[in-house]
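Respectively, the protein sequence lines represent chains A and B.
Each residue of the first sequence is one higher than the one before, starting from 1 at the first, in the numbering used here.
Each residue of the second sequence is one higher than the one before, starting from 1 at the first, in the numbering used here.
Note that the Cβ used here is the ideal one computed from N, Cα and C, for glycine as well.
All values derive from a computational prediction rather than experimental measurement.
A short write-up of the structure that comes next.
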Amino acid sequence: MKRYYQPEIETAPREKILEIQNEKLVKQIHHVWDNVPYYRHLMEEKGLTPDDIKTVDDIHKLPFLSKADLRDTYPYGLLGTDLKDCVRIHSTSGTTGKRVVAFYTQHDIDLWEDCCARAIVAAGGTEEDVVQVCYGYGLFTGGSGLHGGSHKVGCLTLPMSSGNTERQIQFMMDLESTIICCTPSYAAYIGESLKEQGFKPEDNKLKAGIFGAEPWTEEMRHEIEKSLGIKAYDIYGLTETSGPGVAFECEEQKGMHINEDHFYAEIIDPDTGEVLPEGSVGELVFTALDKEAFPLLRYRTRDLCVLNRTPCSCGRTHVRMAKPMGRSDDMLIIRGVNVFPSQIETVLLNEGYTPNYQIVLDRERNTDTFDVYVEVSPDQFSDLMGQIQKMEKGLESAMRTMLGIGPKIHLVAPKTITRSEGKAVRVIDKRKLH
Amino acid sequence: MAITQLSVFLMNQPGALIEAIQALSDAGINIRAMSIAEANDFGILRIIVSDTDTACKVLGDKYLFSKTEVVAALMSDRSGALYPILTALNEANINIEYMYAFTGSGPEEAYVVIRVNDVKTAEELLNANGIRTLSDESLKI
Ligand SMILES: [Zn+2]
Numbered sequence: 001m002k003r004y005y006q007p008e009i010e011t012a013p014r015e016k017i018l019e020i021q022n023e024k025l026v027k028q029i030h031h032v033w034d035n036v037p038y039y040r041h042l043m044e045e046k047g048l049t050p051d052d053i054k055t056v057d058d059i060h061k062l063p064f065l066s067k068a069d070l071r072d073t074y075p076y077g078l079l080g081t082d083l084k085d086c087v088r089i090h091s092t093s094g095t096t097g098k099r100v101v102a103f104y105t106q107h108d109i110d111l112w113e114d115c116c117a118r119a120i121v122a123a124g125g126t127e128e129d130v131v132q133v134c135y136g137y138g139l140f141t142g143g144s145g146l147h148g149g150s151h152k153v154g155c156l157t158l159p160m161s162s163g164n165t166e167r168q169i170q171f172m173m174d175l176e177s178t179i180i181c182c183t184p185s186y187a188a189y190i191g192e193s194l195k196e197q198g199f200k201p202e203d204n205k206l207k208a209g210i211f212g213a214e215p216w217t218e219e220m221r222h223e224i225e226k227s228l229g230i231k232a233y234d235i236y237g238l239t240e241t242s243g244p245g246v247a248f249e250c251e252e253q254k255g256m257h258i259n260e261d262h263f264y265a266e267i268i269d270p271d272t273g274e275v276l277p278e279g280s281v282g283e284l285v286f287t288a289l290d291k292e293a294f295p296l297l298r299y300r301t302r303d304l305c306v307l308n309r310t311p312c313s314c315g316r317t318h319v320r321m322a323k324p325m326g327r328s329d330d331m332l333i334i335r336g337v338n339v340f341p342s343q344i345e346t347v348l349l350n351e352g353y354t355p356n357y358q359i360v361l362d363r364e365r366n367t368d369t370f371d372v373y374v375e376v377s378p379d380q381f382s383d384l385m386g387q388i389q390k391m392e393k394g395l396e397s398a399m400r401t402m403l404g405i406g407p408k409i410h411l412v413a414p415k416t417i418t419r420s421e422g423k424a425v426r427v428i429d430k431r432k433l434h
Numbered sequence: 001m002a003i004t005q006l007s008v009f010l011m012n013q014p015g016a017l018i019e020a021i022q023a024l025s026d027a028g029i030n031i032r033a034m035s036i037a038e039a040n041d042f043g044i045l046r047i048i049v050s051d052t053d054t055a056c057k058v059l060g061d062k063y064l065f066s067k068t069e070v071v072a073a074l075m076s077d078r079s080g081a082l083y084p085i086l087t088a089l090n091e092a093n094i095n096i097e098y099m100y101a102f103t104g105s106g107p108e109e110a111y112v113v114i115r116v117n118d119v120k121t122a123e124e125l126l127n128a129n130g131i132r133t134l135s136d137e138s139l140k141i
């Protein structure tokens, strides 16, 4: 079985990868300097010229780009080529309402589709396979990305787009799809629908799924693998950097290999912008090494994760990124420990609580206090005080195990957690008021 | 035979108890017996009321509450009356989770409400020892 889509680069010795990166970076810096006045100004403000960037070791000198820059320069301000050289756009909704629009030349589309093809082959795809793409098509990158990758591998591609689950299942059964690509939540939904229709996991021909575009947990992975009878692979990417395929999982399922010949990854301290040493948790930053139309340098993803450079048994030599553990905007530092609200939510769900909670942080005698209020559901309520106190203790120790720091748990009545415009307020940080 | 107790989760904050009691009283519900267990953040109000069904409707989805079967044993309102009850349960190795007492309407009449895991066994045991236990019907006043 074919193991790699582009074996030469995917398994290249580290020195070779570095050489490619350095060469592409120098070229890219000149391309951006010459064609993107916005970034050129940012470089000039730091007193930099293209000559200051000779290898990837110099990348840390370069200014960052963030979502705010994309907003400020909307729509053409970061364009690196003439519009006549662009063949496509994709777009994603910004958190503040304004959309992000990314441009692609044919070269950009090609390299992106190569990345997706690598992901499909890593999931076991060959030209024998039937790939059902049920990511949304259109402005969203998911559908087009995996569709293009599937073509490159030579798979029979079913451009289903998302939704219409009945039809998805009909095609899956009739055309014997072997690989499915969609969001993990949609995969879980299809799994449930199959079960409802009386299908067993072994009734379908699926062997693998490539899932991304939203956060998902290991528990979800196991659930999907069980309900569809497949191996579930993670894929990572964002519109700003192309789309899915910036990184993908191999059969090891221990982190996603970043396509380092196209994207240079750094982990930085989200507060100071300092590059962090190997193995630290921090914000993931990408530099597009050879994209033409939308050549973002040092783009801050806001995703927090860890890079792992230890060799992988699959034979790929590219660095692996862990599944992002949260957004840097959400991260709380409590007594020096990084805590994400999403981790608290995971514990609550694991322990059988509803995810209605509120974190309250304060400072007492120079020490952070960490309180979590959790709504009790009627089926958990007991008239026995000891029972309820045991629940509190159990939850406290589950939290300590997950977070490395134990909050004080307060069980409260249902619907008592503060809501603002219908949305629960998850974090109240009173430390900032002192 | 057993009687139904309502256990209501109340936040440990001013006004919480009054509010719940007021709601019951507005619906004309008489509280025959009550006790409160408290922790740091919350308390559990345990009540036996004249009309359990109406009380449940009043508490509705505004309160977190549960119905609990408890044993209510009749005893005379004098010193030492509790002793035979506790002895009987103790000798049968029945563990008491909590208990509280209230006086009845008749002269020298008192009741003790006992929360045990196995209400049926406890009642049979008490009855066998000549101790009367109450049913919901006998409390509807
Ligand atoms: Zn690998």
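Which of helix, strand or coil does DSSP assign to T126(A)?
On the first sequence, residue 126(A) is found 126 positions in, with the first residue counted as 1. In this structure, T126(A) counts as coil in the three-state DSSP scheme.
Is any non-hydrogen atom of ligand 1 found closer than 7 angstroms to the C-beta of R316(A), if you look at the structure I gave you?
What you label residue 316(A) is simply residue 316 of the first sequence in a count that begins at 1. Yes; taking the cut-off as 7 angstroms, the Cβ of R316(A) has a heavy atom of ligand 1 nearer than that.
Pick helix, strand or coil for C314(A), following the three-state DSSP scheme.
Sequence index remark: in the first sequence, residue 314(A) carries index 314 (1-based). Here C314(A) sits in coil by DSSP.
Using the Cα positions of R439(A) and C181(A), report the straight-line distance between them to the nearest angstrom.
Since the displayed chain A opens at 1 and closes at 434, residue 439(A) lies outside it and no answer follows.
Are the C-beta atoms of M502(A) and some chain B residue less than 8 angstroms apart?
Because chain A in this structure spans residues 1 to 434, residue 502(A) falls outside the shown range and cannot be described.
So is E123(B) buried or exposed if we call it buried at 16+ other beta carbons inside 10 Å?
If you number the second sequence from 1, residue 123(B) lands on position 123. Classification of E123(B): buried, given that the 10 Å Cβ count is 16 or more.
Less than 8 angstroms between CB atoms is the rule here; does V412(A) satisfy it with respect to chain B?
Walking along the first sequence from the start, residue 412(A) turns up at place 412. By this cut-off, V412(A) is an interface position.
Tell me which residues share the same chain as Y38(A) and place their Cβ nearer than 7 angstroms to its Cβ, disregarding the 5 neighbours each side in the sequence.
By one-based count along the first sequence, residue 38(A) stands at place 38. Closer than 7 angstroms at the Cβ level, and outside the excluded window around Y38(A), lie T73, G77 and L78.
Are the C-beta of Q389(A) and some C-beta of chain B separated by less than 8 angstroms?
Translated into the one-based positions of the first sequence, residue 389(A) becomes position 389. Interface residue, yes.
Between the C-alpha atoms of S242(A) and A293(A), what's the straight-line distance to the nearest angstrom?
Numbered from 1 along the first sequence, position 242 holds the residue referred to as residue 242(A). Numbered from 1 along the first sequence, position 293 holds the residue referred to as residue 293(A). Cα to Cα, the separation comes out at about 10 angstroms.
Please tell me whether, using a cut-off of 7 angstroms, the distance from the CB of E252(A) to the nearest non-hydrogen atom of ligand 1 is below it.
Within the first sequence, residue 252(A) is the residue found at index 252, counting from 1. For ligand 1, at least one heavy atom lies less than 7 angstroms from the Cβ of E252(A).
Compute the Euclidean distance between the alpha carbons of G94(A) and E240(A), then round it to the nearest angstrom.
The count along the first sequence starts at 1 and reaches residue 94(A) at position 94. The count along the first sequence starts at 1 and reaches residue 240(A) at position 240. Residue placement at G94(A) cannot be trusted, given a pLDDT of 49 that sits under 50; the coordinates are not used to answer.
Heavy atom of ligand 1 less than 7 angstroms from the Cβ of C115(A), yes or no?
As a working mapping, residue 115(A) is identified with position 115 in the first sequence. Because no heavy atom of ligand 1 lies under 7 angstroms away, the Cβ of C115(A) does not count as near it: no.
Could you name the residues of chain B that T416(A) contacts, counting a contact when the two beta carbons are closer than 9 angstroms?
Within the first sequence, residue 416(A) is the residue found at index 416, counting from 1. Going along chain B in sequence order, the residues near T416(A) (Cβ under 9 angstroms) are M11.
Look at S377(A) and T354(A) and say whether their C-beta atoms are less than 8 angstroms apart.
By one-based count along the first sequence, residue 377(A) stands at place 377. By one-based count along the first sequence, residue 354(A) stands at place 354. The answer is yes: Cβ separation under 8 angstroms.
Could you pull the DSSP bridge partners for D368(A) from this structure?
Walking along the first sequence from the start, residue 368(A) turns up at place 368. D368(A) pairs with R363(A).
Let me know the secondary structure DSSP gives H262(A) once reduced to three states.
By one-based count along the first sequence, residue 262(A) stands at place 262. Coil.
So, I428(A) versus L411(A), is the Cβ gap smaller than 8 angstroms?
The residue labelled residue 428(A) in the question sits at position 428 within the first sequence. The residue labelled residue 411(A) in the question sits at position 411 within the first sequence. Result no, Cβ atoms of I428(A) and L411(A) do not sit closer than 8 angstroms.
Residues of chain A with CB closer than 9 angstroms to the CB of A37(B), please, in chain order.
Taking the first residue of the second sequence as 1, we reach residue 37(B) at position 37. Ordered by position in chain A, the residues that pass the 9 angstroms Cβ test against A37(B) are D383, L384 and M385.
DSSP state of A12(A), grouped into three classes?
Within the first sequence, residue 12(A) is the residue found at index 12, counting from 1. A12(A) falls in the coil class under three-state DSSP.
Across which residues does DSSP place F102(B) in a beta bridge pair?
Indexing the second sequence from 1 puts residue 102(B) at position 102. DSSP, once it has assigned bridges, lists Y111(B) as partnering F102(B).
On the DSSP bridge assignment, give the partners of P14(B) in chain order.
Taking the first residue of the second sequence as position 1, residue 14(B) is located at position 14. Answer is none; P14(B) lacks a bridge partner.
Check whether the Cβ of E137(B) lies closer than 8 angstroms to any Cβ atom in chain A.
Numbered from its first residue, the second sequence carries residue 137(B) at position 137. By this cut-off, E137(B) is not an interface position.
Within the present structure, is the beta-carbon of C155(A) separated from the nearest heavy atom of ligand 2 by less than 7 angstroms?
Ligand 2 is not among the ligands present in this structure, which contains only ligand 1.
The beta strand (DSSP E) with H410(A) in it runs from where to where?
By one-based count along the first sequence, residue 410(A) stands at place 410. Note, H410(A): beta strand (DSSP E), K408 to V412.
Shorter than 8 angstroms from the beta carbon of L64(B) to some beta carbon of chain A?
As a working mapping, residue 64(B) is identified with position 64 in the second sequence. Output row for L64(B): interface = yes.
Using a cut-off of 8 angstroms between C-beta atoms, extract the partners of D41(B) located in chain A.
In the second sequence, counting from the first residue as 1, residue 41(B) sits at position 41. Near D41(B) (Cβ distances below 8 angstroms), the residues of chain A are H410, L411 and V412.
Please list the terminal residues of the continuous alpha helix (DSSP H) segment that includes R400(A).
By one-based count along the first sequence, residue 400(A) stands at place 400. Element bounds for R400(A): M385 to L403.
List the DSSP bridge partners of V100(A).
The residue labelled residue 100(A) in the question sits at position 100 within the first sequence. Bridge partners of V100(A): T92(A).
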